[in-house]
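So the protein sequences, as listed, match chains A and B. Residue numbers for the first sequence, in the working numbering: 2 to 460. Residue numbers for the second sequence, in the working numbering: 2 to 460. From the three backbone atoms N, C-alpha and C, an ideal C-beta is built for every residue, glycine too.
Number of protein chains: 2
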Amino acid sequence: MQGVKDYIETHKERFLEELFDLLRIPSISADSAYAKDVAKTAQVIKSKLQEAGADRAEVFSTKGHPIVFAEKILNPSLPTVMVYGHYDVQPPDPLDLWTSPPFEPEVRDSKIFARGACDDKGQMYMHVKAFEYMVANEELPCNVKFMIEGEEEVGSSSLGTFCEEHKSMLSCDVILVSDTSMIANDVPSITTGLRGLSYVEVEVTGPNRDLHSGTYGGAVANPVNALCEMISQLKDDKNQITIPGFYDKVQVISSDERKAMNEAPFDLDTYKSALAIEEVNGETGYTTLERTSIRPTLDVNGIWGGYTGEGAKTVLPSKAYAKISMRLVPNQNHDEITKLFSDYFVRLAPDGIKVKVTPHHGGQPYVTEVSSIEYQAAAKAYKKSFGVDAIPQRSGGSIPIIPLFEEVLDSKTVLMGFGLDSDNIHSPDENYGLFNYFKGIETIPYFYKYYTEMKSDEN
Amino acid sequence: MQGVKDYIETHKERFLEELFDLLRIPSISADSAYAKDVAKTAQVIKSKLQEAGADRAEVFSTKGHPIVFAEKILNPSLPTVMVYGHYDVQPPDPLDLWTSPPFEPEVRDSKIFARGACDDKGQMYMHVKAFEYMVANEELPCNVKFMIEGEEEVGSSSLGTFCEEHKSMLSCDVILVSDTSMIANDVPSITTGLRGLSYVEVEVTGPNRDLHSGTYGGAVANPVNALCEMISQLKDDKNQITIPGFYDKVQVISSDERKAMNEAPFDLDTYKSALAIEEVNGETGYTTLERTSIRPTLDVNGIWGGYTGEGAKTVLPSKAYAKISMRLVPNQNHDEITKLFSDYFVRLAPDGIKVKVTPHHGGQPYVTEVSSIEYQAAAKAYKKSFGVDAIPQRSGGSIPIIPLFEEVLDSKTVLMGFGLDSDNIHSPDENYGLFNYFKGIETIPYFYKYYTEMKSDEN
């Protein structure tokens, strides 16, 4: 497999041109005006998978945007790796903050600038090119499937049903995903955890209409004051969440694992100065790295009520609202937590206040065990291509579809992300390093090799 | 003075027609498109005061809308009553909620419907007609001045300077104002107190930009959570305000006065069902009538921050804002309270949060002593015309210009309001009862008579 570096060197220009062709199509899933571009992108991916060596490649229609499926089955007795990725992108607004147009990719400072450069066209296409290399050089050691969707940026709404309906077609031993980031180009890391999510909207009602605060203030409960009081009661003075039962199922992390986690490169002063804050602020007894990975959190994402225009208006409003989300860790269940929150929040309402809680969407937390074959194979692959050990890292964010894969397809996922936090995904000037694109293509075949070897050792 | 009823009966149609003429002019002070109408109204008032018997009537220009001044000086040794009122009106929006056009006055159900019918053209014009009666019938017992402004609905911004610049012209023994309401047509009341006001806007800043709540949540202070916590700390579990020093100067009301106050007609069940609330909610140890009159309060009038659109966005916002107002009672000083609030609020900020407090406008609390001559004269006048005793009543609201009169002109004010809470002032279908308009004209001359008698007894 030493040939992979040479192969990349030989085909570098083409690998870049093919990605640019993909990046030029504005496959914005959130905007129906781009539906044709989204559909066209699916067709291009399908062709590219066929050209790379798939025996079967198909575009499946859904109620939303299409899903591309492809496979190459060498032998049913061999392990099967399924690549998951997405070809849809976020809207590019605000356009005026882009240095070059979002759908006219260009390379500056050794980075590819375009919407989707990293998230996820760039990271997804590395897998197509790694697959091409393995097929062309007869180094593919196992069966491969691809499931590339077009609705990731709008909640993957068709993917759950698709998985349910095609369980046998999609059956695999492991799902391989590049849609996360690593610490730095010289500090590779593997995402071993994703937090779950419970997201609710609350509506707090006092009197049946807006009142004059001079006439009624002090005698009638003010829904904004009440909402503030209720929200403040959701955490105690140690910044622990007070919802009864909230922590009951939280996985306790061993002190060894916590110690390893805290050895990741992290500079608190740099962190604080990048955010212009004097102090960090979180749950007592945990470091910043722990607070954003192994501990559940609660944040108000938005709040509104009463008069918010210029100047002063002495109104005692009828209603106030907030959007509140909780990040969950193993083994919290998002439906259970949403229910615990709702029951508790309604009880916090003072006299004269009515409360309505509406759940938005949710997702389960996810963990890749570092002792698993998939993790070990990924770690060995990074070591081989980067020359240093990859650090296991739990992400604070959520990818709700990953726990769903385990539930429906009974397959674990390994998250081999090659992006950086500085790639501006979802923002203007999204970019992806040339180093990262080519290093990804180089690393992926090693994962296939080591995974297949370890699997056969296991049996 | 028994002739006043006959005089009103004889001139009823004309008194109504003259008011209608005033109501037809859209003197909306907030909208510069109506500046000519505002100016025209001032001229009409001036003419009407001249016709009614003023020796001098003048329209004074200001930086804003003009002020009408008029006087009739019988003898410098006699007491002088100065009438204060305003001829400007609130904007009529939303227009589609009016049963008849706001500037086409009409009588329905014995009420005059028009913008300004009660606030304050109707209540102000009663004084012009009462003056006409006294002059025509040689029953004017003292000197009279009128100061009628055109900026009350936009904060009386020119009036303070005008008072400062014309102290001697405006000198008087008492200021008489009809711009408040009474309990009911068969339960006359005199407003003896106005609360003061401190109004601030707070800006709470966490990180220097909006962050992803999955990546940073739990480690970086969230300004919305922080703002809620800070606001909730402004009151304790007895609903007392926790700002150090806040209650230091609050006038203690005798148990006798509290008892009298609570004998005013008030039905808690009607109050609650009108607002659709199950319970009232306020400071422990005080009744609803006390909470809205003799006790200071704190209300959030508006709050905003983070994502407030449809659906869910997992943002940890950079900033959150609130507008907070405090109603003050004698002898609290609004500048002092604003300072106490600011100092305390800044101290409440948790780690990683910066706070900015911006004062909006303010006003001092005001009280008319029930033992004063002006109150006694007003009470006797109501008793004479209504046949029952008027109830002293403290209003929860604020009229910042009233305490200013005392400060600049060294004159006390008596608030003889004839409106009802059901008059829809500042709202569509503003109205003023024919009973109230004519009863006001009937009552006012008695005030002049009794006030002059009591003043001469005093000397």
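Exposure label - residue i; buried when at least 16 CB within 10 Å
i: A:V129; result: buried
i: B:A185; result: exposed
i: B:E165; result: exposed
i: A:T271; result: exposed
i: B:A31; result: exposed
i: A:D352; result: exposed
i: A:R292; result: buried
i: A:S468; result: No answer is possible for residue 468 of chain A: it lies beyond the span of chain A, which begins at 2 and ends at 460.
i: B:N209; result: exposed
i: B:T243; result: exposed
i: B:L269; result: exposed
i: A:S28; result: buried
i: A:N226; result: buried
i: B:Q365; result: buried
i: A:P95; result: exposed
i: A:G286; result: exposed
i: B:S255; result: exposed
i: A:P102; result: exposed
i: B:V175; result: buried
i: A:E159; result: For the sequence presented, residue 159 of chain A should be read as Ser rather than Glu. Buried: at least 16 other Cβ atoms inside 10 Å.
Those residues which DSSP pairs with residue i across a bridge
i: B:F70; result: B:E59, B:M148
i: B:S182; result: B:G420
i: A:Q394; result: A:T192
i: B:P360; result: B:V201
i: A:S33; result: Paired residues: none, contrary to the question.
i: B:V368; result: B:G194
i: A:V415; result: A:L177
i: B:G303; result: A:G307, B:K324
i: B:L212; result: B:L317
i: A:K355; result: A:T206
i: A:I442; result: According to DSSP, which records beta bridges pairwise, A:I442 is partnered with nothing at all.
Between the CA atoms of residue j and residue i - distance to the nearest angstrom
i: A:K112; j: A:Q91; result: 19 angstroms
i: A:P245; j: A:E19; result: 53 angstroms
i: A:E431; j: A:N334; result: 33 angstroms
i: A:S373; j: A:L416; result: 13 angstroms
i: B:G388; j: B:L349; result: 55 angstroms
i: A:K381; j: A:Y433; result: 24 angstroms
i: B:K49; j: B:T42; result: 11 angstroms
i: B:G117; j: A:V39; result: 60 angstroms
i: B:E311; j: B:E14; result: 56 angstroms
i: B:G194; j: A:T339; result: 49 angstroms
i: A:V145; j: A:K64; result: 26 angstroms
i: A:S233; j: B:L212; result: 21 angstroms
i: B:I278; j: A:E258; result: 53 angstroms
i: A:V368; j: B:Y322; result: 38 angstroms
i: A:M2; j: A:T453; result: 14 angstroms
i: A:Y449; j: B:F346; result: 59 angstroms
Cβ-Cβ separation, residue j to residue i (assumed contact under 8 angstroms), whole Å
i: A:N302; j: B:V316; result: 5 angstroms
i: B:Q394; j: B:A265; result: 6 angstroms
i: B:R328; j: B:G397; result: 7 angstroms
i: A:S190; j: A:M125; result: That pair is no contact at about 19 angstroms.
i: A:V5; j: A:K73; result: The pair is not a contact, with the Cβ atoms about 18 angstroms apart (cut-off 8 angstroms).
i: B:I68; j: B:E150; result: 5 angstroms
i: B:G283; j: A:A220; result: 5 angstroms
Terminal residues of the alpha helix (DSSP H) in which residue i lies
i: B:G207; result: No alpha helix (DSSP H) contains B:G207, which DSSP labels as neither H nor E.
i: A:I191; result: Here A:I191 belongs to no alpha helix (DSSP H); instead the beta strand (DSSP E) covers 190-195.
i: B:T243; result: Here B:T243 belongs to no alpha helix (DSSP H), and DSSP marks it neither H nor E.
i: B:P102; result: Taken as a continuous stretch (DSSP letters only), B:P102 belongs to no alpha helix (DSSP H), as it is neither H nor E.
i: A:R15; result: 4-24
i: A:I338; result: 335-348
i: A:G434; result: Not the alpha helix (DSSP H): A:G434 falls in the beta strand (DSSP E), residues 432-434.
The ligand FAD heavy atom lying under 8 angstroms from the CB of residue i
i: B:V251; result: The model on display carries no ligand, and the ligand FAD is accordingly not part of it.
Span of the beta strand (DSSP E), counted from its first residue to its last, around residue i
i: A:H87; result: 81-87
i: A:R328; result: 320-329
i: A:I426; result: No beta strand (DSSP E) holds A:I426; DSSP gives it neither H nor E.
Beta carbon proximity, residue i to chain D, threshold 9 angstroms
i: A:L228; result: No chain D is present in this structure, whose protein chains are A and B.
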